[in-house]
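What follows is a short report on a single structure.
Residue numbers (this note's numbering): 3 to 177.
Structure, rendered in structure tokens:
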């Protein structure tokens, strides 16, 4: 194991430890167990940064190349899909931030134009300013906040799922 490769070791009693107990479908179609995924997340937080090696320790009776390949394929696909979903969530958050900025700029420009061209009576303009100026500044600052700081938690989860999707998987069997 190289220095950059960080190992997460898990013990399996049966293949069902990886998959949901509540899903009656065959193993190659069954949903992953939330307990299993949560344990991986917890162990990832305890592991220093770097590429991951997931080591599964299981009884010799589970040794089966077909099952190993199916588990690796299912885990990679699941984590790749989750990483893509988090990437899409970050994109949506940034898009929403851009919309906030545009609404803020529109609000400030609108009140500026209304004030400059004296389209309405001064009292109406002042009442509009009470609404449009805070709305404009809020939209701009909140929007930039969403764009610049697009949920560190989502970015962390995206990184986690990406690393798990590209991790090396090893199986060790003991009597």
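The C-beta atom is built at its ideal place from N, Cα and C for all residues, glycine as well. Keep in mind it's a predicted model, so treat the numbers as computed, not measured.
Using the beta-carbon count (16 or more within 10 Å), is residue 133 buried or exposed?
As a working mapping, residue 133 is identified with position 131 in the chain shown. Of the other Cβ atoms in all chains shown, fewer than 16 fall within 10 Å of the Cβ of residue 133; this residue is therefore exposed.
When DSSP labels each residue in this structure, what does residue 56 get in the three-state scheme?
Taking the first residue of the chain shown as 1, we reach residue 56 at position 54. DSSP places residue 56 in strand when its eight states are reduced to three.
Would you list the residues sitting across from residue 174 in a DSSP beta bridge?
Start at 1 with the first residue of the chain shown, and residue 174 comes out as number 172. Bridge partners of residue 174: 59.
With a CB to CB cut of under 8 Å and the five nearest residues on each side skipped, what residues in its chain are close to residue 172?
Within the chain shown, the letter at position 170 stands for residue 172. Once the five neighbours on either side are set aside, the close Cβ partners of residue 172 are 55, 56, 57, 58.
Residue 167: first and last residue of the uninterrupted alpha helix (DSSP H) it sits in:
Within the chain shown, the letter at position 165 stands for residue 167. 154 to 167 is the span of the alpha helix (DSSP H), which, as asked, contains residue 167.
Simplified DSSP state of residue 21, which is helix, strand or coil:
Locating residue 21 in the chain shown gives position 19, where the first residue counts as 1. Residue state, collapsed to three classes: strand.
Kindly identify the DSSP beta-bridge partner or partners of residue 34.
As a working note, residue 34 is residue 32 in the chain shown. According to DSSP, residue 34 bridges with 21.
Check whether the Cβ atoms of residue 21 and residue 6 sit closer than 8 Å, and answer yes or no.
Locating residue 21 in the chain shown gives position 19, counting from the first residue. Locating residue 6 in the chain shown gives position 4, counting from the first residue. Their beta carbons are not under 8 Å apart, which means residue 21 does not touch residue 6 by this criterion.
Which ranges would you report for the beta strand (DSSP E) in the stretch 102 to 158 if only whole runs of at least 3 residues count?
none
Among 62, 29, 79, 109, the one whose alpha carbon lies nearest that of residue 164:
As a working note, residue 164 is residue 162 in the chain shown. Closest by alpha carbon: 79.
Consult DSSP for residue 95 and reduce its assignment to one of helix, strand or coil.
Locating residue 95 in the chain shown gives position 93, where the first residue counts as 1. Helix at residue 95.
Consult DSSP for residue 8 and reduce its assignment to one of helix, strand or coil.
Taking the chain shown and counting its residues from 1, one reaches residue 8 at position 6. Strand.
At the level of alpha carbons, what is the spacing between residue 3 and residue 137?
For this step, residue 3 is matched to residue 1 along the chain shown. For this step, residue 137 is matched to residue 135 along the chain shown. Low local confidence applies: a pLDDT of 44 at residue 3 is under 50, so the model's placement there is unreliable, with the coordinate-based value given in what follows. The straight-line gap from Cα to Cα measures roughly 56 Å.
Shortest alpha-carbon distance to residue 10 belongs to which of 53, 72, 24, 31?
Sequence index remark: in the chain shown, residue 10 carries index 8 (1-based). Nearest of 53, 72, 24, 31 to residue 10, Cα basis: 53.
Quick one: what's got a C-beta closer than 7 Å to residue 49's C-beta in the same chain, skipping five residues either side?
Position 47 of the chain shown, counted from the first residue, corresponds to residue 49. Cβ within range, chain order: 8, 10.
CB-CB length for residue 88 against residue 160, believed under 8 Å:
Along the chain shown, read from residue 1 onward, the residue named residue 88 stands at position 86. Along the chain shown, read from residue 1 onward, the residue named residue 160 stands at position 158. Indeed, because the Cβ distance is near 4 Å, the residues count as touching under 8 Å.
Return the chain-ordered list of same chain residues with a C-beta closer than 8 Å to the C-beta of residue 41, the five sequence neighbours on each side being excluded.
As a working mapping, residue 41 is identified with position 39 in the chain shown. For residue 41, where only same-chain residues beyond five positions count, the Cβ hits under 8 Å are 12.
Among 130, 104, 106, 107, the one whose alpha carbon lies nearest that of residue 116
Translated into the one-based positions of the chain shown, residue 116 becomes position 114. Per the Cα distances, 130.
Please determine if the stretch 68 to 75 and the stretch 139 to 154 are in contact, where contact requires at least 3 C-beta pairs separated by less than 8 Å.
no
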